[in-house]
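If you read the sequence shown in our numbering, its first letter stands for residue 146, the second for the next number, and so on. A virtual CB, placed ideally from N, CA and C, is assigned to each residue, including glycine.
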Amino acid sequence: MGSKRSSQNSVAKDCAARVMETIPLMMRFIRKDMREQNKTFMSVPQFRTLAFVDRHPGASLSDLAEHLGVTRATASTTVERLVQDELVLREENPEERRRVLLTLTKTGKQRLQKTREITRNHIAEFLATLPEEQISQIEAGLSLLKEVFEPTEFTLPPK
Numbered sequence: 146m147g148s149k150r151s152s153q154n155s156v157a158k159d160c161a162a163r164v165m166e167t168i169p170l171m172m173r174f175i176r177k178d179m180r181e182q183n184k185t186f187m188s189v190p191q192f193r194t195l196a197f198v199d200r201h202p203g204a205s206l207s208d209l210a211e212h213l214g215v216t217r218a219t220a221s222t223t224v225e226r227l228v229q230d231e232l233v234l235r236e237e238n239p240e241e242r243r244r245v246l247l248t249l250t251k252t253g254k255q256r257l258q259k260t261r262e263i264t265r266n267h268i269a270e271f272l273a274t275l276p277e278e279q280i281s282q283i284e285a286g287l288s289l290l291k292e293v294f295e296p297t298e299f300t301l302p303p304k
């Protein structure tokens, strides 16, 4: 039994190494693609801010800063630009006046959706060069990864 467990750990470590090699490649492609399409109106941190606020409406600046891995001041500067561009609303929390709540505007949601759609289409162009069976294998693998890692996704504290 110990041998089987050791073998499973070895396979898991090999898989983890492959994940760590592959995901950064994909993220670099996605970031580059988004930078290209957003050169004139949105940076990657701004896109990541929109995506985070979309997933977590009512998030605070502290929540955003933690997600982005930046200081609260840096997150505030990023949000300020998005507020000026009418993509994000920043409102005081009625229960805690020092806490700012962030939500996307209708325009912000549209911009985020359009950006994602363009990048999704570029990824699809690459995948379309593969046989359907391989595309299905990729999809199955990604579904498993999502299932494994989704519980680790940042969750907001209860309000």
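Bridge partners of GLU237 according to DSSP: VAL245.
ALA157 has no beta-bridge partner at all, per DSSP.
Taking the C-beta atoms as reference points, VAL245 is found nearer than 9 angstroms to LEU206. With contact defined as three or more Cβ pairs closer than 8 angstroms, the segment 235-251 and the segment 190-203 are in contact. In the pairwise beta carbon analysis, the segment 227-239 is classified as touching the segment 253-263: at least three pairs are separated by under 8 angstroms. Here ALA161 is exposed, its C-beta having fewer than 16 other C-beta atoms within 10 Å.
Looking at the DSSP output, ALA204 sits in a beta bridge with LEU247. Judged by beta-carbon spacing, THR264 lies within the 9 angstroms limit of ASP178, meaning their Cβ atoms are closer than that value.
Note on LEU209: 16 or more other CB atoms within 10 angstroms of its CB, so buried under the neighbour-count rule.
If the five residues before and after ALA269 are omitted, its C-beta is found closer than 6 angstroms to no C-beta atom of its own chain. Distance from LEU213 to ALA204 at the Cβ level is roughly 11 angstroms; contact not present, criterion being Cβ atoms closer than 8 angstroms. Your pair ILE280 and LEU272 checks out as a contact, with CB atoms roughly 6 angstroms apart and the cut at 8 angstroms.
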